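Reading through the structure tokens given below for one structure.
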Amino acid sequence: MQQCLAEALEDAPAMLGRCIDAAVVSLQEAEKQTMDVAQRDRLATACWRMRQEKEGWVVDFPQRLREAFAVPTDAPQSSRTSLLSESTYLSLVEDDAVSESIESARLLQSLLPPLEQELKVLDALMSSLQGLSTVQADLNPLRPAVFVRALREMMALDESDSQLRTLWLRHCGRAIGHELKGLYARLTLVLQRANVQEAGYRVRLLADAPGAAARTAASSARAARGAGPAATEWNPSGHAPLDHRGDSTREAHFGDFIPDMPQLARLQTPVDNQYLHNFLEQGGQRYEQSLAPEYYDQVSEELAAIEAYAAIPTLDESMVVQRSEQYKALPVVDRPARAVDIGTQLSQKTWGDFAAAHERARVLMQLKQKAERVAQAMGLDVVRKLVNQVAQDPLLLAPVREAVVALEPSLLRLAMANPRFFSEDAHPARRLIECVAQRSFKYNDEFASEFAEFFQPVQQAFNALNELETDDPQAFAIALDELLQEWESQDRDDDAAKDNNLQAIRHAEARQTLADQVAWDLSQRPDVDHVPGFILDFLYGPWALAIASAQLNAPPGAVDPGGYRKVVSNLLWSTKKEVTLRLPSQLLEMVPGMLKTLHAGLESLGKTREETKPFFDALMRLHQPVLGLRRARARADASTSNPVPLDSSSMSMELDETLPATAEQRKPRKAAQPWLGRVELEAAGFQDTLPTDFSELAEAHAATGADAVAVAASGFNESESDEDIPFDAITLLAGLREGDWVDLYSHREWLRAQLIWASTRGTLFMFVSRGGRPHSMTKRSCERLIANRLLRPVDGQSVVRKAIEAIAADQARVDEAVAA
Numbered sequence: 000m001q002q003c004l005a006e007a008l009e010d011a012p013a014m015l016g017r018c019i020d021a022a023v024v025s026l027q028e029a030e031k032q033t034m035d036v037a038q039r040d041r042l043a044t045a046c047w048r049m050r051q052e053k054e055g056w057v058v059d060f061p062q063r064l065r066e067a068f069a070v071p072t073d074a075p076q077s078s079r080t081s082l083l084s085e086s087t088y089l090s091l092v093e094d095d096a097v098s099e100s101i102e103s104a105r106l107l108q109s110l111l112p113p114l115e116q117e118l119k120v121l122d123a124l125m126s127s128l129q130g131l132s133t134v135q136a137d138l139n140p141l142r143p144a145v146f147v148r149a150l151r152e153m154m155a156l157d158e159s160d161s162q163l164r165t166l167w168l169r170h171c172g173r174a175i176g177h178e179l180k181g182l183y184a185r186l187t188l189v190l191q192r193a194n195v196q197e198a199g200y201r202v203r204l205l206a207d208a209p210g211a212a213a214r215t216a217a218s219s220a221r222a223a224r225g226a227g228p229a230a231t232e233w234n235p236s237g238h239a240p241l242d243h244r245g246d247s248t249r250e251a252h253f254g255d256f257i258p259d260m261p262q263l264a265r266l267q268t269p270v271d272n273q274y275l276h277n278f279l280e281q282g283g284q285r286y287e288q289s290l291a292p293e294y295y296d297q298v299s300e301e302l303a304a305i306e307a308y309a310a311i312p313t314l315d316e317s318m319v320v321q322r323s324e325q326y327k328a329l330p331v332v333d334r335p336a337r338a339v340d341i342g343t344q345l346s347q348k349t350w351g352d353f354a355a356a357h358e359r360a361r362v363l364m365q366l367k368q369k370a371e372r373v374a375q376a377m378g379l380d381v382v383r384k385l386v387n388q389v390a391q392d393p394l395l396l397a398p399v400r401e402a403v404v405a406l407e408p409s410l411l412r413l414a415m416a417n418p419r420f421f422s423e424d425a426h427p428a429r430r431l432i433e434c435v436a437q438r439s440f441k442y443n444d445e446f447a448s449e450f451a452e453f454f455q456p457v458q459q460a461f462n463a464l465n466e467l468e469t470d471d472p473q474a475f476a477i478a479l480d481e482l483l484q485e486w487e488s489q490d491r492d493d494d495a496a497k498d499n500n501l502q503a504i505r506h507a508e509a510r511q512t513l514a515d516q517v518a519w520d521l522s523q524r525p526d527v528d529h530v531p532g533f534i535l536d537f538l539y540g541p542w543a544l545a546i547a548s549a550q551l552n553a554p555p556g557a558v559d560p561g562g563y564r565k566v567v568s569n570l571l572w573s574t575k576k577e578v579t580l581r582l583p584s585q586l587l588e589m590v591p592g593m594l595k596t597l598h599a600g601l602e603s604l605g606k607t608r609e610e611t612k613p614f615f616d617a618l619m620r621l622h623q624p625v626l627g628l629r630r631a632r633a634r635a636d637a638s639t640s641n642p643v644p645l646d647s648s649s650m651s652m653e654l655d656e657t658l659p660a661t662a663e664q665r666k667p668r669k670a671a672q673p674w675l676g677r678v679e680l681e682a683a684g685f686q687d688t689l690p691t692d693f694s695e696l697a698e699a700h701a702a703t704g705a706d707a708v709a710v711a712a713s714g715f716n717e718s719e720s721d722e723d724i725p726f727d728a729i730t731l732l733a734g735l736r737e738g739d740w741v742d743l744y745s746h747r748e749w750l751r752a753q754l755i756w757a758s759t760r761g762t763l764f765m766f767v768s769r770g771g772r773p774h775s776m777t778k779r780s781c782e783r784l785i786a787n788r789l790l791r792p793v794d795g796q797s798v799v800r801k802a803i804e805a806i807a808a809d810q811a812r813v814d815e816a817v818a819a
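Here is the structure:
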């Protein structure tokens with residue numbers, strides 16, 4: 000929170016300056032277009048006064064905002080002006096500022112629509128930071144009203160004419176909206192990268208929903224018309240319209256949260272989501288009531304319908320296989336999600352008797368026939384509903400969704416003993432489904448041999464559970480443990496390779512962090528003044544890395560390992576021409592040892608003599624005047640004892656290397672991403688991303704060899720503009736977290752890869768695909784790949800939780816429709 004407020008305060012002067020400039024231009028345009036003399040004078044005065052006040056406002060605005068941000072969040076609502084709603088605040092202004100109040104309201108109304116998307120996300124993140132479980136937009140200290148109010152109050156201090164202030168606000172509006180939109184987008188990225196989770200927008204269900212009264216009235220009306228139960232015709236998918244008949248009986252005997260008895264017994268008319276959601280989330284003693292006789296009558300009718308349907312021939316096995324392979328020729332990321340639900344006929348070869356939809360339905364109705372309590376009947380419907388939700392999740396490969404459908408009979412038996420087991424995160428059955436689903440995200444091709452190796456044990460485990468016909472959750476725990484052990488064994492080698500790759504890149508990040516601190520320490524030395532620029536570039540860059548590397552690799556307590564810090568003094572002294580020309584013998588005595596240490600430090604980073612030659616050539620040219628002086632003195636000593644003057648012609652030529660560092664060169668900058676040596680680039684998988692990372696990188700490889708490849712693959716070429724990257728790509732990347740899955744196009748194939756590491760500053764990312772194969776790239780490379788749809792994030796969230804939330808979301812939409 001403090002970081003966000005600090006960034007807003009830091010940006011405030013520049014933001015306001017741009018807003019004022021835009022307002023001045025707008026006022027000038029308005030002055031040119033108006034024909035009314037008095038209005039032209041007011042516009043001209045407003046423009047002149049605004050330019051006059053600009054400098055002071057730019058300085059004062061951050062303080063005004065700081066005061067607005069500092070309002071305590073635990074203060075009473077009546078005492079917190081900054082937390083009042085906009086309409087309430089505007090109603091409290093003095094009578095002589097009514098027009099200004101109206102203009103403020105108009106300004107806010109014009110700001111909100113363009114900011115809606117960014118502000119909605121920021122409101123959710125800010126509410127989360129304040130410990131709120133639901134979004135409370137009026138508690139966001141960065142909401143637009145705070146900025147408008149601070150600006151208005153600041154203007155009021157410097158201008159008593161409310162008409163001028165009204166003109167200022169009116170002509171600032173568009174620019175303020177543009178600036179806030181950019182600020183909110185930047186702050187959202189900061190919070191998302193910090194892994195701040197968004198608070199939720201409250202979904203109102205059941206009795207407190209806006210449509211509750213309407214639904215109750217509709218139910219009563221239907222009851223008054225005497226609607227009776229419908230004739231039964233079985234539909235294997237269970238997707239018939241909702242049936243609300245008999246609601247008056249239900250309300251009279253069981254309360255608002257239990258459907259009527261015939262509806263509880265039906266197969267093709269699902270129970271309303273509102274009932275299932277309330278039962279799953281809350282439960283209660285009311286569900287322990289016994290089932291009525293009409294419930295069992297309806298169950299008997301349903302079973303008879305299933306028996307009649309079972310006589311109808313099912314699809315031939317070859318047709319089932321053909322249906323599953325019809326998209327095989329398409330690229331994996333372009334295949335449509337194959338339709339699967341509780342009514343789908345599965346492969347009998349894979350799933351045996353329960354491949355047929357009517358066999359799974361028969362188990363459901365037989366269990367409903369055995370049910371004694373309302374809770375058991377509700378629990379069976381919850382299982383069927385959630386199985387159907389998971390089966391239709393397009394993010395899961397079709398065989399995985401089919402496996403969940405095939406497991407339905409076993410899950411139904413569990414519901415007889417524990418009707419609300421799906422509400423328990425740690426229940427073995429829920430964990431089994433979740434773990435299989437999450438594991439399946441490693442694969443993006445159902446026809447690949449790697450997926451078949453994963454899926455076969457899952458199939459065997461699910462079939463074994465169906466054969467047990469048990470309601471003991473321990474059987475699911477055992478099945479899950481066996482799968483986890485097998486997966487752990489498969490992952491052992493991959494994890495070892497992944498750990499090695501992570502160790503290398505984390506070491507590089509730690510080294511860069513330390514090197515940035517070393518560079519800062521070096522910049523504080525008094526002897527860096529007037530040092531040539533290329534020397535400071537060397538010290539703040541490669542040499543700071545050499546010092547950091549030596550320190551990280553040295554045993555604890557070691558002081559200046561390698562003597563790399565000490566040699567800095569010698570190097571800086573050797574650049575002082577006015578000193579070295581008078582003491583040439585000292586320089587000549589010092590240079591060999593200094594060069595040896597410098598070479599050793601650079602070689603410890605893996606740099607070759609060829610790579611470092613440009614620096615040492617420049618250093619030799621810098622020392623050339625002293626070397627020339629020594630040669631001149633040697634020649635003079637051979638002929639005469641007279642001293643040679645210091646302004647010898649051999650030193651009269653100024654070299655570029657002698658130019659002092661610019662002000663920008665004297666300030667070390669933190670590296671955008673860690674420096675990586677050639678070996679580290681290879682270990683992290685940067686080389687592997689080249690075929691994916693656009694043609695210019697391949698061209699660089701062909702043109703300039705391995706060095707260019709390393710530079711290009713590392714993303715160190717900063718010549719490209721961030722403006723070329725679509726904002727959607729930036730947002731998608733910012734939303735990725737360690738453990739998330741992506742589809743990555745590499746070496747002419749689509750791979751499913753997992754993000755296993757991101758640098759602290761969010762500038763480097765490492766993904767791992769099958770076999771522990773690393774793929775590392777820079778932030779810009781990731782964004783470009785996302786923009787070109789060569790890297791596609793996969794939503795791998797909890798499939799069971801998502802299915803449960805879908806029930807609530809479906810009912811929320813029903814509520815809204817009824818209310819409308």
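Count the sequence shown with numbering that gives the first Met the number 0 and you get residues 0 to 819, in order. Ideal placement from N, C-alpha and C gives every residue a C-beta, glycine not left out. The model shown is predicted, which means the values in this text are computed figures rather than measured ones.
Extent of the continuous beta strand (DSSP E) to which residue i belongs
{"i": "W749", "result": "E748 to A757"}
{"i": "Y744", "result": "W740 to S745"}
{"i": "L790", "result": "L790 to V793"}
{"i": "P773", "result": "R772 to T777"}
{"i": "M765", "result": "L763 to S768"}
Distance between residue j and residue i (C-alpha atoms, nearest Å)
{"i": "R608", "j": "M619", "result": "15 Å"}
{"i": "D271", "j": "Y326", "result": "35 Å"}
{"i": "H598", "j": "K612", "result": "10 Å"}
{"i": "A184", "j": "V195", "result": "15 Å"}
{"i": "A476", "j": "L413", "result": "13 Å"}
{"i": "E445", "j": "A451", "result": "7 Å"}
{"i": "S25", "j": "H746", "result": "53 Å"}
{"i": "N417", "j": "G283", "result": "13 Å"}
{"i": "T44", "j": "L163", "result": "8 Å"}
{"i": "L750", "j": "D392", "result": "21 Å"}
{"i": "S422", "j": "F278", "result": "10 Å"}
{"i": "L363", "j": "A757", "result": "47 Å"}
{"i": "G592", "j": "G562", "result": "11 Å"}
{"i": "R395", "j": "N443", "result": "Reading off the sequence, residue 395 comes out as Leu, not Arg. Between L395 and N443, the C-alpha separation is close to 9 Å."}
{"i": "Q321", "j": "F453", "result": "22 Å"}
{"i": "Q62", "j": "W47", "result": "24 Å"}
{"i": "L467", "j": "V767", "result": "38 Å"}
Nearest candidate by alpha-carbon position, reference residue i, set the options
{"i": "V678", "options": "Q523, A507 and L570", "result": "A507"}
{"i": "M415", "options": "F453, Q391 and A374", "result": "A374"}
{"i": "S797", "options": "D424, E280 and R772", "result": "D424"}
{"i": "Q51", "options": "E115, E30, P140 and D157", "result": "D157"}
{"i": "T469", "options": "E54, S409, F764 and W350", "result": "S409"}
{"i": "A264", "options": "L290, E287, A291 and Q297", "result": "Q297"}
{"i": "I432", "options": "V793, V389, S448 and F453", "result": "V389"}
{"i": "L789", "options": "V741, Q753 and W756", "result": "V741"}
Spatial neighbours of residue i in its chain, beta-carbon cut-off 8 Å, leaving aside the 5 residues before and after
{"i": "T275", "result": "The residue asked about is misnamed: residue 275 is Leu in this sequence, not Thr. M377, D380, V381, K384 and I806."}
{"i": "A22", "result": "M49, W167, H170, C171 and A174"}
{"i": "L64", "result": "A7, L8, A11, V145, F146 and A149"}
{"i": "A682", "result": "N499, N500, A503, I504 and P773"}
Proximity test, Cβ basis, 8 Å: residue i and chain D
{"i": "V24", "result": "Given the protein chain composition of this structure (a single chain), no chain D is represented."}
Cutoff 6 Å; reference residue i; Cβ partners in own chain excluding five residues on either side
{"i": "A518", "result": "Y539, A543 and P667"}
- Can we say the segment 390-406 touches the segment 332-343, given the rule of at least three CB pairs closer than 8 Å? yes
- Query: Quick one: any contact between the segment 490-498 and the segment 578-589, if contact means 3 or more CB pairs under 8 Å?
  - Reply: no
- Message: I want to know whether the segment 470-489 touches the segment 729-747 - three or more CB-CB distances under 8 Å.
- Response: no
- Item | Three CB pairs or more closer than 8 Å across the segment 752-766 and the segment 294-314 | no
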